[in-house]
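The block underneath contains the structure these notes are about, expressed in structure tokens.
See the structure below:
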């Protein structure tokens, strides 16, 4: 999973409002929260956000929580980890209770999600959010009519799905009614001066549809990145642009095992003439692309840690004969956590067919990732290319575009945006009906930029929420996943028979014209020469069931090996990927799965997901040291070299403890050596890239950009795949630098920076001093750090399986990681009893600071300590911290 929604270019408020981190509320303080923290249960008339107003149902039965629409009684238990367990009479009763608790603990989070997608932020934060609302209301719209995409999803939902969403909304609105009655409190952010609390409205079905659209956009829309990289390809020499901003990963490791033996290697894999023609096509639009890129900053997936790992192991590779599963989706590390853990059961004591446990997404009923009684499933982002950017030529009057030789007028719509504290604003977004929303327009130059996204055709996705929980096998899960249209996820599934499967089901455009010259991962001509021919059949997508290898692993990497030569269009595989992960995480996962072979257990799954070996370092360091040879080095550079020579490629923090104020250096010499080596490597890695590519980019007027990560690996170990060598410093006219010269310079720079940041004593150069994580409360993170939580020391590094990709901040000497595992979920799917799973979450369930469940799970997450996701009712009821009943009002 990955990326930010499109609001990051609109000032401090927008920069603080990060949906990919998917969080905003903080410090929930409700009467019932206090009761929950104390472990009590609300009485028949007890008031509070979790205890409810109370009431008597049919026959005079008193309930702690009275919810409109309840069809029967429900029992609610909060366990020792703060997880919500609900035993209910019907499926929809479970969703009602879930909606209530989402609102009680995460209302600001879900309120933000609906408002961002529906263009309704201005209604609560004044006109400062109007640029965000304008952009998002235009993007999340039908290009032919301007209507909200949420309406499209709602119309395609089955009656069963609609009933589930409506029941969920009843629960949300029951909590909002308590808030309005003064029996519940909003989070602290709602007290901020910009926020209009009076503008909070009831939850409606389109809000849940908007929440799923938020997910779809996060996972499959990379138009902003295509604009940014397109601007670079328009501006830079063709070979340089292709080398530094191309598609070739750092590792050939591919999802389908047979592909790993079929990689194509050549002295120059790409057709330079085609690259020159591509540049010539983009050049006239360079200015417009650069302007659009400046307004729509994009996150690059290769260094921001956004992505995920998952794998499934079949019965023939399991020590117990049971299938195994592991999943850790990588997203922004936020406060509160992205996920809310739930267990919903309408079967044990009810008449429903729902019994699931896993992680839910505030704003949606059910679970997104998890288990039922028969299967477990997990997801990672495919990086399928499901969106294209088009370069349009305007008509003479500027009121439309030229398409296939004809003039096509813009579609527009008058859309009213509510604005807190002032009159409503009317916006008029522009659409090109056959492509999509206008993302940028330059009437003086006669050009426009549009975005076409498979999500604009999304329809049946909401049905996943009720269909996936019913799947009783890998085969049935495969059918349920066909409801999804634009999630762009690698679903892996394991069932009680020992079966496993991988299904990256998502609508992929048919692009029969695609080539290196007409590359879909870069802006395309809007004249009609690069149009989609419908969507691929799901049967034609890469996928697998019970492979001979005995396992399937995905890590946002190349699926088939098609990317290894840098041109995914020349393999006959129409389901192309773009801007994937570099492949090092998948490479390491596959190594460990092969190494353990047929002795896998849930414990080995947890060990793999916590692995912090740097396969990047293991490839780069020996090559760099070999290039260095026996040359003499300055004392500081020699110290760095020695740290790298002695490094075992592990990345611990080097400390006992996770609080920077109290943690002490480890007493284990091996751990200390690894922490120093890991720190030295990360500083060296960025210095090496600066000295290798920075001069060429600076000569083109680009500073502070080092290109993607894989070219550095290729320059060191397989330079023949690049169009040129970049070792020579173009600023030294009379000197021809070699690889050893540049490595030596990078070592000097590393020593200078380490000394500046951490002092002259190399014994203090521990990774934990540089590499930390802060849980960011995105709503106000740039206005005030008050709602953030952290920092904390954390292990892992660039492209480790336990992902903790650092954001390099040379000015402040920081390598903090803003993203990471949003949860870690590991299961043994037992033949006799079903899934037996554990989970790790970076945060707490109940988001108020005086709760014992505010961050208790974070402390475990930081040290890779899993907790059980219990579904056994005897265990749950015996160990519950709080137990309540729910039912219909009197």
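In this note's numbering, the protein residues as written are 1478 to 2367.
Glycine included, C-beta positions come from ideal geometry on N, C-alpha and C.
Just so you know, these numbers come straight off a predicted model, no measurement behind them.
Query raised in the report: Counting Cβ pairs closer than 8 Å, one from the segment 2299–2308 and one from the segment 2178–2194, do we hit at least three?
Result: no
Report task. Out of 2192, 1797 and 2199, point me to the one whose CA is closest to residue 2309's CA. Result -> 1797
Query raised in the report: Taking the C-alpha atoms as reference points, what is the distance between residue 2351 and residue 1574?
Result: 21 Å
Requested in this report: Identify which residue in 1592, 1733, 1580 and 1992 has its Cα closest to the Cα of residue 1837.
Outcome: 1580
Query raised in the report: Would you report the Cα separation of residue 1999 and residue 1566, rounded to the nearest angstrom?
Result: 52 Å
Report task. Quick one: grab the DSSP three-state call for residue 1565. Result -> coil
Query raised in the report: Leaving out the 5 sequence neighbours to the left and right, which residues in its chain are closer than 7 Å to residue 2223 when beta-carbon positions are compared?
Result: 2161, 2164, 2165 and 2168
**Report entry** Backbone CA spacing between residue 1806 and residue 1784 [nearest angstrom]
**Finding:** 6 Å
Report task. Measuring alpha carbon to alpha carbon, tell me which of 2070, 2079, 2126 and 2107 ends up nearest residue 2089. Result -> 2126
Query - the segment 2038–2048 / the segment 2080–2098 touching (three or more Cβ pairs under 8 Å) - result: no
Query raised in the report: Under a Cβ-count criterion, where at least 16 other Cβ atoms within 10 Å of its own Cβ denotes burial, should residue 2267 be classed as buried or exposed?
Result: buried
Report task. Identify whether residue 1743 lies in helix, strand or coil by the three-state DSSP scheme. Result -> Legend: pLDDT at residue 1743 = 40, less than 50; position of this residue unreliable, no value from coordinates given.
Query raised in the report: Going straight from the alpha carbon of residue 1689 to that of residue 1592, what length do you get?
Result: 13 Å
Requested in this report: Taking all protein chains shown into account, decide if residue 1962 is buried (16 or more other Cβ within 10 angstroms of its Cβ) or exposed.
Outcome: buried
Query - Closest Cα partner of residue 1775 within the set 2056, 2145, 2078 and 2120 - result: 2056
Query raised in the report: Since residue 1975 and residue 2128 are thought to touch, with beta carbons under 8 Å apart, how far apart are those beta carbons, to the nearest angstrom?
Result: No, residue 1975 and residue 2128 are not in contact; Cβ-Cβ is about 34 Å, not under 8 Å.
Query raised in the report: Could you check where the beta strand (DSSP E) with residue 2269 kicks off and where it finishes?
Result: 2266–2270
**Report entry** Burial state of residue 1874, where buried means 16 or more other Cβ atoms lie within 10 Å
**Finding:** exposed
Requested in this report: Closer than 6 Å by C-beta to residue 2319: which residues in its own chain qualify, once you throw out the five before and the five after it? Chain order, please.
Outcome: 1810, 1814, 2335 and 2338
Query raised in the report: Does the separation of the CB atoms of residue 1877 and residue 1866 fall below 9 Å?
Result: no
Query raised in the report: Sorry if obvious, but does the Cβ on residue 2127 come closer than 8 Å to a heavy atom of the ligand HEM?
Result: Absence of the ligand HEM from the depicted structure is noted, as is the absence of any ligand whatsoever, leaving it without description.
**Report entry** Rounded Cβ spacing between residue 2077 and residue 1789 (contact assumed at less than 8 Å)
**Finding:** Wrong, their Cβ atoms sit about 10 Å apart, outside the cutoff.
**Report entry** Cutoff 8 Å; reference residue 1641; Cβ partners in own chain excluding five residues on either side
**Finding:** 1568, 1569, 1572, 1842, 1843, 1942 and 1943
**Report entry** Residues of its chain near residue 2331, where Cβ-Cβ distance is below 6 Å and the 5 sequence neighbours each way are ignored
**Finding:** 2321
Query raised in the report: Between 1856, 1733, 1756 and 1896, which lies nearest to residue 1608 when the distance is taken from Cα to Cα?
Result: 1896
Query raised in the report: For residue 1951, which of helix, strand or coil comes out of DSSP?
Result: helix
**Report entry** Length of the line joining the Cα atoms of residue 2240 and residue 2101
**Finding:** 23 Å
Query raised in the report: Thinking C-beta only, is residue 2312 closer than 9 Å to residue 1852?
Result: yes
Report task. Return the chain-ordered ranges of every beta strand (DSSP E) run that is complete within the segment 2316–2355 and spans a minimum of 3 residues. Result -> 2344–2346
Requested in this report: Leaving aside the five residues before and after residue 1651 along the sequence, list all residues of the same chain whose C-beta is less than 7 Å from its C-beta, in chain order.
Outcome: 1544, 1545 and 1577
Requested in this report: Hey, could you find the ends of the alpha helix (DSSP H) residue 1608 is sitting in?
Outcome: 1607–1616
Requested in this report: Out of 2244, 2202 and 2203, state which residue places its alpha-carbon closest to the alpha-carbon of residue 2152.
Outcome: 2244
Query raised in the report: Would DSSP call residue 1762 helix, strand or coil?
Result: helix
Report task. Tell me residue 2381's beta-bridge partners as DSSP assigns them. Result -> Beyond the ends of the chain as shown, which are 1478 and 2367, falls residue 2381; an answer cannot be given.
Report task. Mark residue 1825 as exposed unless 16 or more other C-beta atoms lie within 10 angstroms of its C-beta, in which case mark it buried. Result -> exposed
Requested in this report: Identify whether residue 1824 lies in helix, strand or coil by the three-state DSSP scheme.
Outcome: coil
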